[in-house]
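Shown next, in structure tokens, is the structure this report addresses.
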Amino acid sequence: MGVKMVGARIKRVEDPRLLRGEGAFVDDIDLPGVLHMAVLRSPHAHARVLSVDVGPARELRGVVDAFSAADLGPDPAAIPVLFPVETSRDTPQYALARDAVRYVGEGVAVVVAESRHVAEDALELIEVEYEVLDAVVDSAAAIEPGAPVLHAAAPDNVGARLVYSVGDVDSAFEKADRVVKDRLDMQRYTGIPLETRGVAATRDAVTGELTIWASNQWPHILRGIVAGILGMPERSVRVITPDVGGGFGTKAEVYPEDVLVPLAASRLDRPVKWIEDRNEHFLTLVHSREQTHDLEFAFDADRRITGLRATLITDIGAYQRTLAVINSSLAGTSIAGVYDIPNVHVEVICAATNKSPASPYRGAGAPESAFARERLMDIAARELDIDRAELRRRNLIKPEQMPYDTGMASVEAAVVLDSGDFPAALDEALKMVDYDGFAEKQRTARADGRLIGLGICVYHQLAGTGPFEGASVRVDPSGQVTVNSGAAPQGQGTATMLAQIVADELQVDHESIKVVFGDTGRIGFGVGTFASRNAVMSGTSVLMAATKVREKAMELAAHLLEANVNDLELEEGHAQVKGSPQSRLSLTEIAAAAAPGGSRPPGMEPDLESVQYFENHAAPYSFGVHIAEVEVDRNTGLVEISRYVVVNDAGVIINPMVAEGQIAGGVAQGLGGALMEELVYDAQGQPQSASFMDYILPGSLDVPEIEVGHLHSPSPLNPLGVKGMGEGGAIGGHSAVANAVADAIEHLGVRVTKTPLKPSVVWELIQSAGQQGP
Amino acid sequence: MSRKVDETAVVAGADSTTERSITVTVNGERFERTVSVRKSLVDFVREDLRLTGSHVGCEHGVCGACTVLVDDEPVRACLMLAVQANGKVLMTVEGIAGEDDELHPVQQAFWENHGLQCGFCTPGILLTTYDFLQEKKNPTSGEIREALSGNVCRCTGYQNIVRSVQAADQEWER
Chain A
1 MGVKMVGARI
11 KRVEDPRLLR
21 GEGAFVDDID
31 LPGVLHMAVL
41 RSPHAHARVL
51 SVDVGPAREL
61 RGVVDAFSAA
71 DLGPDPAAIP
81 VLFPVETSRD
91 TPQYALARDA
101 VRYVGEGVAV
111 VVAESRHVAE
121 DALELIEVEY
131 EVLDAVVDSA
141 AAIEPGAPVL
151 HAAAPDNVGA
161 RLVYSVGDVD
171 SAFEKADRVV
181 KDRLDMQRYT
191 GIPLETRGVA
201 ATRDAVTGEL
211 TIWASNQWPH
221 ILRGIVAGIL
231 GMPERSVRVI
241 TPDVGGGFGT
251 KAEVYPEDVL
261 VPLAASRLDR
271 PVKWIEDRNE
281 HFLTLVHSRE
291 QTHDLEFAFD
301 ADRRITGLRA
311 TLITDIGAYQ
321 RTLAVINSSL
331 AGTSIAGVYD
341 IPNVHVEVIC
351 AATNKSPASP
361 YRGAGAPESA
371 FARERLMDIA
381 ARELDIDRAE
391 LRRRNLIKPE
401 QMPYDTGMAS
411 VEAAVVLDSG
421 DFPAALDEAL
431 KMVDYDGFAE
441 KQRTARADGR
451 LIGLGICVYH
461 QLAGTGPFEG
471 ASVRVDPSGQ
481 VTVNSGAAPQ
491 GQGTATMLAQ
501 IVADELQVDH
511 ESIKVVFGDT
521 GRIGFGVGTF
531 ASRNAVMSGT
541 SVLMAATKVR
551 EKAMELAAHL
561 LEANVNDLEL
571 EEGHAQVKGS
581 PQSRLSLTEI
591 AAAAAPGGSR
601 PPGMEPDLES
611 VQYFENHAAP
621 YSFGVHIAEV
631 EVDRNTGLVE
641 ISRYVVVNDA
651 GVIINPMVAE
661 GQIAGGVAQG
671 LGGALMEELV
681 YDAQGQPQSA
691 SFMDYILPGS
701 LDVPEIEVGH
711 LHSPSPLNPL
721 GVKGMGEGGA
731 IGGHSAVANA
741 VADAIEHLGV
751 RVTKTPLKPS
761 VVWELIQSAG
771 QQGP
Chain B
1001 MSRKVDETAV
1011 VAGADSTTER
1021 SITVTVNGER
1031 FERTVSVRKS
1041 LVDFVREDLR
1051 LTGSHVGCEH
1061 GVCGACTVLV
1071 DDEPVRACLM
1081 LAVQANGKVL
1091 MTVEGIAGED
1101 DELHPVQQAF
1111 WENHGLQCGF
1121 CTPGILLTTY
1131 DFLQEKKNPT
1141 SGEIREALSG
1151 NVCRCTGYQN
1161 IVRSVQAADQ
1171 EWER
């Protein structure tokens, strides 16, 4: 001890269990007598449901229950939208389809049986009569007059329309020296965690309490919503998110199955579980990213951007569930990004289509907006004949402008950048990659017939959203320190980070601290783990609670030692009079005295525990610069990433090893989006990418070594000075790689405006240039 | 005591065409069980033997999370039926650490090099690594990436996994 743990590169306390195969993911939990649920899913993208007959399924031996929407009463509650806007149309989803299905995979009926095999056998016996309707799968087509209509409440298929405006953009464009514009499309892709979703539930016969285990990122929110839909008081529902095998935003959602499993368990008074298979996962997981950007920049003669005008169409899929327009809102308010642009006008149209509903995935709108902005930056640099790094440098927000108020507010909060030196980050990254030497390297390669390119992405990310997070810290009378947090992590090393924070505060070994999270039974209020919030929100709330515990311990020690509290210090888990280690009390002794019946000063409450909630109304912004170097095989269109450099600034870093792991993992997902990942539907709305054979994830041969440099601009918005950073890799990765591919081939006379840049796409671009190399 | 639901009992007309008795040795322990012939090896290991460290990630043989060793060869346990393992010797993630409860050098290397995040793919990657390093010493990073190319990790971006395998190669006396 004595060494500060915050900032230390230490190995994770989470790992030994996971390495031994002792993880407890939802499907690993042993529920004696558990029944298995299976869901009958719509094979049609759009159809009226004329009738559903579960009767034949009920006849199969081993089937315990089968039901459809008709069995759930005439007026069931829908999954609610958490942040509706004024223009939001009511297009909700119910636990089971009522009169229509609107995407392939939508649940129509369920079977509960003694085994999953039997449950799936029984699905085949359910009789459903559909009247197939025309489907619409393209978001631009969906908002054209005459398109098939998904919801009567949104006859133009517009789920919501968002407008963000600062300054006088029309005037900026009138006065512009030059205008550069293009349409930039990002494809539909999403988190695809390796553990699929899963839910198990059981009701306690004595207390009536329903316990739900879910592979989910926000247990408290899930509890509130499921309790509401089932008509139960919150106190009668406990949600536990055990080990969760990846989420990336896709499990910060309330899905129909999150309602159906507890409902089935309640109907039957037996434990029920449903583990999503990979096919269901592709059909029904929240999708993300699919967004079209008509973007234009107005430049003055000095190549300063004086105006930004954008129309975005977000493909929100078939229904608006919990986070509905959040992704669109965050995309709209982040599109100007790290640049100082005085006049901005953005309109975002949320278009409904016959596809699985969309919701934020790692980066939440920022990967999309960064792609459009950073791609257009490179296009502008080429059109205006200016170096792309110089063009960025000229327009970056300067450190002396911090805090920088963009004048915009997303659905969540005002967009105010709290701290940072963007130009320094850019210069550092350019230096790491030897940007000045690249032009010559590229000329030489081209002379050899090779296509190499370098791509830059400068971005910021919303890093720790509110509104609050909760934590308790307790030293029990045996001296053991337990932390309860409202967090619900999925591999981010949160237990280690929180233990590091508490170790510094209480001067105890971090490995001795037990960190518990993902359990609504442990702490009254919580929000969860998404939007890069753990370090900022959980970290600060845990720090607040630990500080309170330390203060109380010292006060009690002063009482016991008959000393002045100001004369005491805390060293190695002992309170002692400064410089007099012979008169010391261990935390164990202090905690024992704090127990009811112990020796406390008058007026001091018993127990050595504090519950604290950190409420914030302004989130920090971390930022980064990513630079990728690629080589494109002109004969196959295959892209190989030869070098990858990241400069990241997330303020104070609690554990650099964990932070770098987050960056590398994020970059892998970003380059997956740039080069390979895509959720494809045919014109009738049939998914064409519903297995790992069709949806390609980055493998060990696709992801390069990632070189990371850190800058540290502490956030003034929390006492730790931390900023979240888990999403940045996915934001920078997509655009840096896409820009690098563009840089490798655009001199041939083509323009890269969409992703993914699959080999076939790149090959066709090269062919379209009509310039076959030697 | 938990009430065991015998899945085979509810399969319509259970007989020798729908269930079989098999004997397997897993992590040194011998098990004799009656299983449904349509049950995959990974479901058998997880449900019947309650060894839940082997994970089910895709059930179509791509992600590698369910990898176990069958007669010393890595196998996708989602693509093999339990009945096909009759008479075979298996090793799962639970069998990697020694009797003394110490982490195996491969596990220790993953711990020290942050070779895992959510931990879901980890059991399959550990067994793939275990098999690879038994056959290979001083592998290059390219050879390691090739060896791991059948295991998907969605969290780490692989570089810390590669470092973990390199460290395991140095530390594991074999």
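If you're matching them up, the sequences are chains A and B in order.
For the first sequence, the residue numbers in the numbering used here are 1 to 774.
For the second sequence, the residue numbers in the numbering used here are 1001 to 1174.
The C-beta atom is built at its ideal place from N, Cα and C for all residues, glycine as well.
By the criterion of Cβ-Cβ separation under 8 Å, what are the contact partners of Thr1156 of chain B in chain A?
-> Position 156 of the second sequence holds residue 1156 of chain B. The answer, in chain order, is Gly661, Ala664, Gly665 and Ala668.
Among A:Gln612, A:His559 and A:Lys398, nearest to Ala594 of chain A - alpha-carbon criterion = On the first sequence, position 594 is the one that residue 594 of chain A refers to. Selected option, being the one with the closest Cα: A:His559.
Identify every run of the alpha helix (DSSP H) within the region 249 to 320 of chain A, keeping only runs that are complete inside it and at least 4 residues long; order them along the chain.
-> 256 to 268 and 278 to 284
What did DSSP end up calling Gln93 of chain A once you bin it into helix, strand or coil?
-> To locate residue 93 of chain A, count along the first sequence from 1; it is residue 93. Three-state result, Gln93 of chain A: coil.
Skipping 5 residues on each side, what residues in its chain have a beta carbon closer than 7 Å to that of Asn381 of chain A?
-> As a first step, residue 381 of chain A must be located in the first sequence, where it is residue number 381. For clarity, residue 381 of chain A is Ala in the given sequence; the question names Asn instead. Answer for Ala381 of chain A: Asp387, Arg388 and Leu391, listed in chain order.
Spell out a yes or no on whether the region 654 to 670 of chain A and the region 748 to 758 of chain A are touching, meaning 3 or more CB-CB pairs, one atom from each, closer than 8 Å.
-> no
Return yes when the Cβ of Gly231 of chain A is within less than 9 Å of the Cβ of Ala286 of chain A, no when it is not.
-> Here residue 286 of chain A corresponds to residue number 286 of the first sequence, with the count starting at 1. Here residue 231 of chain A corresponds to residue number 231 of the first sequence, with the count starting at 1. A small fix is needed here, since residue 286 of chain A is Val in this sequence, not Ala. The answer is no: Cβ separation not under 9 Å.
Compare the C-beta of Cys1063 of chain B with all C-beta atoms of chain A and state if any pair is closer than 9 Å.
-> As a position in the second sequence, residue 1063 of chain B is number 63, starting the count at 1. Output row for Cys1063 of chain B: interface = yes.
Just the Cα atoms here: how many angstroms apart are Ala591 of chain A and Ala736 of chain A?
-> Position 591 of the first sequence, counting from 1, holds the residue named residue 591 of chain A. Position 736 of the first sequence, counting from 1, holds the residue named residue 736 of chain A. Their backbone Cα atoms lie some 53 Å apart in a straight line.
Could you tell me if Ala1167 of chain B is buried or exposed, where buried requires 16 or more neighbouring beta carbons within 10 angstroms of its beta carbon?
-> Here residue 1167 of chain B is taken as the residue at index 167 of the second sequence, counted from 1. Looking at its Cβ environment, which holds 16 or more other Cβ atoms inside 10 Å, Ala1167 of chain B is buried.
Going by Cα to Cα distance, which pick from A:Arg20, A:His36 and A:Leu19 is closest to Asp27 of chain A?
-> Within the first sequence, numbered from 1, the residue matching residue 27 of chain A stands at position 27. Taking only the C-alpha atoms, the option nearest Asp27 of chain A is A:His36.
Pull up the DSSP beta-bridge partners for Met186 of chain A, would you.
-> On the first sequence, residue 186 of chain A is found 186 positions in, with the first residue counted as 1. Per DSSP, A:Gln291.
Looking at the C-beta of Leu18 of chain A, does it have a partner C-beta in chain B at a distance below 9 Å?
-> Within the first sequence, the letter at position 18 stands for residue 18 of chain A. Interface residue, yes.
Excluding five sequence neighbours on each side, which residues of the same chain lie with their C-beta closer than 7 Å to the C-beta of Leu82 of chain A?
-> Sequence index remark: in the first sequence, residue 82 of chain A carries index 82 (1-based). Closer than 7 Å at the Cβ level, and outside the excluded window around Leu82 of chain A, lie Thr322 and Leu323.
If contact means a Cβ-Cβ distance below 9 Å, which residues of the region 687 to 706 of chain A contact chain B?
-> Ser691, Phe692, Met693, Leu697, Pro698, Gly699, Ser700, Leu701, Asp702, Val703, Pro704, Glu705 and Ile706
Three-state class that DSSP yields for Leu40 of chain A in the structure shown | Start at 1 with the first residue of the first sequence, and residue 40 of chain A comes out as number 40. The answer is strand: DSSP assigns Leu40 of chain A an E or B state.
From Arg1033 of chain B to Ala1085 of chain B, what distance separates their C-alpha atoms?
-> Here residue 1033 of chain B is taken as the residue at index 33 of the second sequence, counted from 1. Here residue 1085 of chain B is taken as the residue at index 85 of the second sequence, counted from 1. Cα to Cα, Arg1033 of chain B sits roughly 12 Å from Ala1085 of chain B.
Does any CB atom of chain B fall closer than 9 Å to the CB of Asp156 of chain A?
-> As a working mapping, residue 156 of chain A is identified with position 156 in the first sequence. No - not a single Cβ of chain B is within 9 Å of the one on Asp156 of chain A.
According to DSSP, which residues form a beta bridge with Asp519 of chain A?
-> Position 519 of the first sequence, counting from 1, holds the residue named residue 519 of chain A. Paired residues: A:Ile240.
Using a Cβ-Cβ cut-off of 6 Å (strictly less than) and excluding sequence neighbours within five positions of Asp134 of chain A, which residues of its own chain qualify?
-> Position 134 of the first sequence, counting from 1, holds the residue named residue 134 of chain A. Answer for Asp134 of chain A: Pro148, listed in chain order.
Note down, in chain order, each residue of its chain lying with its Cβ closer than 6 Å to the Cβ of Gly732 of chain A, except the 5 sequence neighbours on either side.
-> Here the question's residue 732 of chain A lines up with position 732 in the first sequence. So the list reads Cys457, Tyr459, Gly624 and His626, once near-sequence residues are dropped.
Name, please, each residue of chain D whose Cβ falls closer than 7 Å to the Cβ of Ser1164 of chain B.
-> Absent from the structure is chain D; the protein chains it does hold are A and B.
Between Leu194 of chain A and chain B, is there a C-beta pair that is closer than 9 Å?
-> Sequence index remark: in the first sequence, residue 194 of chain A carries index 194 (1-based). So, interface residue.
First and last residue of the beta strand (DSSP E) that includes His574 of chain A?
-> Residue 574 of chain A sits at position 574 when you count from the first residue of the first sequence. Here the beta strand (DSSP E) through His574 of chain A covers His574 to Val577.
Are there three or more Cβ pairs, one per stretch, closer than 8 Å when the region 1092 to 1106 of chain B is compared with the region 1019 to 1037 of chain B?
-> yes
Taking Cβ positions only, does Phe83 of chain A come closer than 9 Å to chain B?
-> The sequence position of residue 83 of chain A within the first sequence is 83, counting from 1. No - not a single Cβ of chain B is within 9 Å of the one on Phe83 of chain A.
Per DSSP, what kind of secondary structure is Leu585 of chain A in: helix, strand or coil?
-> Here residue 585 of chain A refers to the residue found at position 585 when the first sequence is read from its first residue. If DSSP states are grouped into helix, strand and coil, Leu585 of chain A belongs with the strands.
Interface residues of chain A around Trp1111 of chain B at Cβ under 8 Å?
-> The count along the second sequence starts at 1 and reaches residue 1111 of chain B at position 111. Those within 8 Å of Trp1111 of chain B in chain A are Lys11, Arg12, Asp15, Pro16 and Leu19.
Taking the CB atoms as reference points, tell me whether Ala252 of chain A and Asn216 of chain A lie closer together than 9 Å.
-> Taking the first residue of the first sequence as position 1, residue 252 of chain A is located at position 252. Taking the first residue of the first sequence as position 1, residue 216 of chain A is located at position 216. In this structure, Asn216 of chain A lies closer than 9 Å to Ala252 of chain A by Cβ.
Strand pairing of Met1091 of chain B, partner residues [DSSP] | The sequence position of residue 1091 of chain B within the second sequence is 91, counting from 1. Its beta-bridge partners are B:Leu1069.
Can you grab the Cα-Cα spacing for the pair Ser171 of chain A / Phe299 of chain A, in whole Å?
-> Counted from its first residue, the first sequence places residue 171 of chain A at position 171. Counted from its first residue, the first sequence places residue 299 of chain A at position 299. Each residue's Cα considered, the two are about 12 Å apart.
Which of the residues in the region 1132 to 1152 of chain B, read from start to end, lie with their CB under 9 Å from any CB of chain A?
-> Ser1141, Gly1142, Ile1144, Arg1145, Glu1146, Ala1147, Leu1148, Ser1149, Gly1150, Asn1151 and Val1152
Presumed contact (8 Å Cβ cut-off) between Arg362 of chain A and Gln669 of chain A, rounded CB distance | Walking along the first sequence from the start, residue 362 of chain A turns up at place 362. Walking along the first sequence from the start, residue 669 of chain A turns up at place 669. The Cβ separation is near 6 Å, so the contact holds.
Exposed or buried, what is Leu701 of chain A when buried is set at 16 or more other beta-carbons lying within 10 Å of its beta-carbon?
-> Sequence index remark: in the first sequence, residue 701 of chain A carries index 701 (1-based). So Leu701 of chain A ends up on the exposed side.
Please report the residue range of the alpha helix (DSSP H) in which Ile456 of chain A lies.
-> Stepping through the first sequence from its first residue, residue 456 of chain A is reached at position 456. Taken as a continuous stretch (DSSP letters only), Ile456 of chain A belongs to no alpha helix (DSSP H), being part of the beta strand (DSSP E) at Leu451 to Leu462.
By Cβ distance, which residues of its chain are closer than 6 Å to Ile1125 of chain B, with the 5 residues on each side in sequence left out?
-> Reading the second sequence from its first residue, position 125 is the one you call residue 1125 of chain B. If we look at Ile1125 of chain B and ignore the five residues flanking it on each side, its Cβ neighbours are Asn1151.
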